[in-house]
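Colleague:
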Amino acid sequence: MMASDGEDITTTPTESIASVTDTEDEEASAHIQSDLESEVEDPDVEEVPASSEDADMEELMRQLEDYTPTIPDALTMHTLRTAGFSTVDPKIVRLISVSAQKFISDIANDALQHCKTRTTNIQHSSGHSSNKKNPKDRKYTLAMEDLVPALADHGITMRKPQYFV
């Protein structure tokens, strides 16, 4: 090899392979760069219209921006970080908050249905007539005996802790 000022330089085979590899890498990156630029500038490429599922997802994300879920985003982010999930996208955090709210709502609704069924069965078996109160005017209390079967319907097993005397 010759240096730029006319001096002879000797290189080892390893050095010459490294210099050839560096040159090939530069040429490959330049080739890739020119391909990317030609794809961007190519007017013949048509954009594929978004599917209805993609449009639905975009609409959902727009609606989530305006919606404030019952479970705050800060609590969801804290719970996700505790579980080992880290994200900076607020859309994903909001989506998980809404999903958790729906899950809790489903469990509470199922527990209410269990409570209504249980109280109706108790009234009919004890012979009480329904002249006391209209069933719509009744107030219900969330009890463990209603919550446990509702959670079991969703795959969650809940047991009372052992009591030691």
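Just so you know, numbering that gives the first Met the number 0 puts 31 at position 32 of the sequence shown, and the rest follows in order with no gaps. Built from N, CA and C at the ideal position, the CB exists for glycine as well. All figures in this text were calculated on a predicted structure; none of them were measured in a lab.
Return the CA-CA distance between E57 and T78, expressed in angstroms with no decimal places.
Modeller: Rounded to whole angstroms, E57 to T78 spans 26 Å at the Cα level.
Colleague: Please report the straight-line C-alpha distance between S124 and R117, rounded to a whole angstrom.
Modeller: The alpha-carbon atoms of S124 and R117 are separated by roughly 11 Å.
Colleague: Taking C114 as the reference, give the member of M76, L141, L74 and T156 with the closest Cα.
Modeller: Among M76, L141, L74 and T156, the Cα nearest to that of C114 belongs to L141.
Colleague: How is L59 classed by DSSP in three states: helix, strand or coil?
Modeller: L59 falls in the helix class under three-state DSSP.
Colleague: Run through DSSP, which three-state label would I91 get?
Modeller: I91: helix per DSSP, three-state reduction.
Colleague: Could you tell me the boundaries of the alpha helix (DSSP H) in which L74 lies?
Modeller: First-last of the alpha helix (DSSP H) with L74: D72 to T81.
Colleague: Residues in the same chain with beta-carbon distance under 6 Å from T69, minus the five sequence neighbours each way, listed in chain order, please.
Modeller: Excluding sequence neighbours, T69 sits near Q100.
Colleague: To the nearest angstrom, report how far apart G62 and T86 are at their CA atoms.
Modeller: For clarity, residue 62 is Gln in the given sequence; the question names Gly instead. Roughly 20 Å between the two C-alpha positions.
Colleague: Which of the three DSSP states is assigned to L146 in this structure?
Modeller: Of the three classes helix, strand and coil, the one that applies to L146 here is helix, per DSSP.
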